[in-house]
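Shown next, in C-alpha cells, is the structure this report addresses.
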Amino acid sequence: MAGLTGYYGLWDVKLDEKCRIVMPSRIRETARAMGHDTWYMAPGDNHSILLFDRDGWVALRQNAGRTGDDHAQALAFRRMFFSLAEDARPDPQGRMPLPQHLREHAGIQKDAVVIGVDDHLEVWDKAAWAEFKRRNTSLYEELAPPLFASRGTVGAAT
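Written out as C-alpha cells, the structure is:
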C-alpha cells in the first residue's frame, strides 16, 4: 500500500511472456489517486530493482549528487545510476515491462516479489528475497525492539 505513510507490503508477481509484471492493484489505485502514472526504475543494491513514483524520483535526483565528499565518485555514481534508469507506465491491466538490463541486474527470470520500502518499491527475484530475509532475520529481531520501545509500542518489552 502507499499513501501518507509510505509504501508497504509484499506481493508475489510473475514475469509474463513479454517480461512484464502486474503491479499490485493496491499500489496502482494509490498511485492513481496521488496522480502518479509513471514508475521510474533503477538498479538497486542487493540485486534489486528500485521503483519510484514521480515525487520519489524528484527527491532522489536532488540527493543523487550528495553521495560523498569526492566529486569524481559522485559523478561516477550519477553516470552509472542514471544511465541504467528507465521509466514505464503500467497498461490498463496493470502490466509493466521490466527492462532486460534491470531484470539481469536483479536475476529475475520468472518469479519475483514487489516490496514496499516506505518511500519506494523494490522488485526482487523471489529466491533472492527469501535468502535476504533468511540472512537478515536476526538483524531485524535485534533492531526492532528498541525501535518499537522508543515509540511506546505495546508489547515491545520481552
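Numbering (this note's numbering), first residue to last: 66 to 223. Idealized CB from N, CA, C, for every residue including glycine.
Limits of the unbroken beta strand (DSSP E) element including residue i
i	result
Met145	No beta strand (DSSP E) holds Met145; the alpha helix (DSSP H) holding it covers His136 to Ser148.
Leu116	Ile114 to Phe117
Ala177	Asp176 to Gly181
Asp77	Leu75 to Lys79
Local Cβ density within 10 Å of residue i, reported as buried at 16 or more and exposed below that
i	result
Pro89	buried
Gly34	Residue 34 lies beyond the residue range present for the chain, which begins at 66 and ends at 223; the question has no answer from this structure.
Gly71	exposed
His101	buried
Arg199	exposed
Gly109	buried
Leu204	exposed
Gly121	buried
Arg168	buried
Pro155	buried
Asp118	buried
Endpoints, the alpha helix (DSSP H) within which residue i is located
i	result
Leu163	No alpha helix (DSSP H) contains Leu163, which DSSP labels as neither H nor E.
According to DSSP, residues forming a beta bridge with residue i
i	result
Met106	Leu116 and Glu151
Leu186	Leu116 and Gly181
Val87	Arg160
Tyr72	Asp183
Assumed close pair residue i, residue j - CB separation to whole angstroms, cut-off 8 angstroms
i	j	result
Trp104	Ala153	6 angstroms
Phe146	Ala107	6 angstroms
Val178	Val87	Contact doesn't hold; Cβ gap of about 13 angstroms is too wide.
Below-8 angstroms beta-carbon distance, residue i vs any chain C residue
i	result
Arg97	Looking at the structure shown, chain C is missing, and only one protein chain is on hand.
Can you find at least 3 beta carbon pairs, one from the region 80-88 and one from the region 147-163, that sit closer than 8 angstroms? yes
Taking 8 angstroms as the cut-off, does the region 103-114 touch the region 187-205 (at least 3 CB pairs, one atom from each stretch)? yes
Are the region 95-105 and the region 171-180 touching, with three or more C-beta to C-beta distances below 8 angstroms? no
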